[in-house]
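> The structure's right below; bear with me while I get my questions together.
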Amino acid sequence: MANNYEIDSIDKKIIKLMEKDARMPFLEMARKIGVSGGTIHQRVEKLREAGVIVGSTIKVDYTKLGHNVVVLLGLHLVNARDIHKVIEKLEKMDEIVEAYYTTGDYALIVKIIVKDINHFHEFLIGKIQMIKEIQSTESFISLKQVINKSLNV
């Protein structure tokens with residue numbers, strides 16, 4: 053897989069369209085960009101082979117499923133060497149959707165999606181605080197997501 057893969061303006065337009073709608077037909081993309089469908093197909097394949105495009109995803113509005121609370125949770129570990137043990141345990145928890153190994157005050161910051169504050173409380177006490185390698189936590193409850201965008205490449 054190449055690092056610092058060079059992309060041109062057509063590749064950038066393809067990426068931007070696919071980030072908005074990964075299911076958009078190549079012919080529709082071609083019309084919007086002003087190239088042939090074959091060009092789109094070839095470019096997408098090259099971007100995949102280079103590891104620039106890695107899969108296709110959907111965005112889910114979890115509030116429609118009753119999961120109304122997003123929490124960022126900073127984790128202090130008892131010992132930094134236990135990071136891999138902690139990550140293994142966190143990966144098994146359905147409520148955790150993202151985790152970041154960080155510098156600064158916390159060894160890890162995890163993004164949690166739960167139904168409500170009671171669900172978060174049960175999750176914190178029943179799962180997170182049961183991990184002996186975690187010394188302490190700090191919770192940041194999201195009031196509203198104010199920016200959600202892709203990187204402008």
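Residue numbers for the sequence shown follow my numbering, so the first one is 53 and each next one is one higher. Backbone N, C-alpha and C define an ideal beta-carbon position, used for all residues, glycine too.
Might you give, ordered along the chain, the residues of its own chain that have their beta carbon closer than 7 Å to the beta carbon of residue 120, omitting 5 neighbours on each side?
The residue labelled residue 120 in the question sits at position 68 within the sequence shown. Sequence-distant Cβ neighbours of residue 120 in its own chain, meaning closer than 7 Å and more than five residues away, are 167 and 168.
> Near residue 190, what residues of its chain come up, given a Cβ to Cβ distance below 6 Å and the 5 sequence neighbours on each side ignored?
Working through the sequence shown from its first residue, we reach residue 190 at position 138. Excluding positions up to five away in sequence, the list reads 126.
> May I ask which residues mark the beginning and end of the beta strand (DSSP E) holding residue 173?
The residue given as residue 173 occupies position 121 in the sequence shown. Unbroken run through residue 173 is the alpha helix (DSSP H), 169-178; no beta strand (DSSP E).
> From residue 186 to residue 118, what does the alpha carbon distance come to, in whole angstroms?
Within the sequence shown, residue 186 is the residue found at index 134, counting from 1. Within the sequence shown, residue 118 is the residue found at index 66, counting from 1. Residue 186 and residue 118: Cα-Cα distance of roughly 29 Å.
> To test your reading of the DSSP string, which unbroken beta strand (DSSP E) runs of 3 or more residues are found completely within the region 123-174?
148-153 and 160-166
> Please identify the residue among 170, 178, 129 and 147 whose C-alpha is closest to the C-alpha of residue 159.
Taking the sequence shown and counting its residues from 1, one reaches residue 159 at position 107. Taking only the C-alpha atoms, the option nearest residue 159 is 129.
> Which residue's Cα is closest to the Cα of residue 201: 151, 111, 141 and 161?
One-based indexing of the sequence shown puts residue 201 at position 149. Ranking the options by Cα distance to residue 201, first place goes to 111.
> Taking the C-alpha atoms as reference points, what is the distance between residue 49 and residue 162?
Nothing about residue 49 can be read from this structure; the chain reaches only from 53 to 205.
> Under DSSP, the beta strand (DSSP E) around residue 193 begins and ends at which residues?
For the purposes of this step, residue 193 is taken as residue 141 along the sequence shown, with counting starting at 1. Segment 186-193, the beta strand (DSSP E) holding residue 193.
> Can you tell which of 146, 154 and 188 has its C-alpha closest to the C-alpha of residue 171?
Mapped onto the sequence shown, residue 171 falls at position 119. Measuring from the Cα of residue 171, the nearest candidate turns out to be 146.
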